[in-house]
Amino acid sequence: MQHFLILFFCCFISINIFGQTLTITNGETEKTFKPSSVYVISFGEGEPSGKCCDWTEMTGTLSGLNKDSIRLRLSKYTQMTVAEDLSSDHTITYKNDLNFGSLAKKDIYSLVKYKSLKSKKRKNNFGIAGGILLFTGVTTALNSFIVSDKDSKRDILLSGAAQVGLSITFLAFNSTPKYKFRGDGNIWRIK
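What follows is the structure, given as structure tokens:
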């Protein structure tokens, strides 16, 4: 039994030794993320959600961290190219963990951290469900103006308000902090 516990302890330590943590700071606050975290790192000329300029987004787990660069084990790679009135989006999704991507720390525009890919999908689904509930709740509340019966009008309005309240809850579950490394506001850097 004693040998089993020693073997178990050694295996546990060897698994955790290879994990790489990521620490970011903004001068006042310091955040350290677990080795199993999934990161969505955006880099390029500007905000990835904007249609102003070219950008690239890497999704994956941290594989290595050097003085001037970061290396990810990729699960997804997206590249957006914008030229005047035309934009082109290329997404590559990787099925195995054998694809790596590196980028310079100074090129990072923003970073979003998730506990896992499953957590990322769950948050995305909460956002979709929240958006649908918000639309149907507002539509239901607007239908109360069509109904002439006061009791039915009140019931429809309450139903619409309940849907809007539930949608706000779902959208709150969808929110994830985004750490910006360039631009305006609270600027972070990798320690």
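Counting from 179, one number per residue, gives the positions in the sequence shown under this note's numbering. Even for Gly, the Cβ is constructed at its ideal location relative to N, Cα and C.
Can you list the beta strand (DSSP E) stretches of 3 or more residues lying completely in the region 209-272, in chain order?
216-222, 233-243, 247-261 and 264-271
Could you tell me which residues DSSP puts in a beta bridge with residue 282?
247
Do residue 345 and residue 305 count as a contact pair if the criterion is CB distance below 7 Å?
no
Is residue 273 near the ligand ZN, with its Cβ less than 6 Å from a heavy atom?
In the structure shown, the ligand ZN is absent, as is every other ligand, since no ligand is present at all.
Taking the Cβ atom as the reference point for each residue, do residue 238 and residue 253 lie within a distance shorter than 7 Å?
yes
Buried or exposed: which applies to residue 323, given that a residue is buried once 16 or more other Cβ atoms fall within 10 Å of its Cβ?
exposed
Between residue 250 and residue 243, which are expected to be in contact by the criterion C-beta below 8 Å, what is the C-beta distance as a whole number of angstroms?
So it is not a contact: roughly 10 Å between Cβ atoms.
Within 7 Å, strictly: CB atoms of residue 288 and residue 356:
yes
If you draw a straight line from the C-alpha of residue 257 to the C-alpha of residue 270, how long is it?
9 Å
Excluding the 5 residues preceding and the 5 following residue 246 in the sequence, name in chain order all residues of the same chain whose CB lies nearer than 7 Å to its CB.
282 and 283
Is residue 201 helix, strand or coil by DSSP?
strand
Can you name the start and end residues of the alpha helix (DSSP H) that residue 369 belongs to?
No alpha helix (DSSP H) holds residue 369; DSSP gives it neither H nor E.
For residue 312 and residue 290, what's the separation of their Cα atoms in angstroms?
25 Å
Does the Cβ-Cβ distance between residue 338 and residue 318 come in under 7 Å?
yes
C-beta contact flag for residue 292 and residue 299 at 7 Å:
no
Can you tell which of 353, 361 and 367 has its C-alpha closest to the C-alpha of residue 223?
361
Pick from 286, 267 and 207 that is closest to residue 217, judged by C-alpha positions:
286
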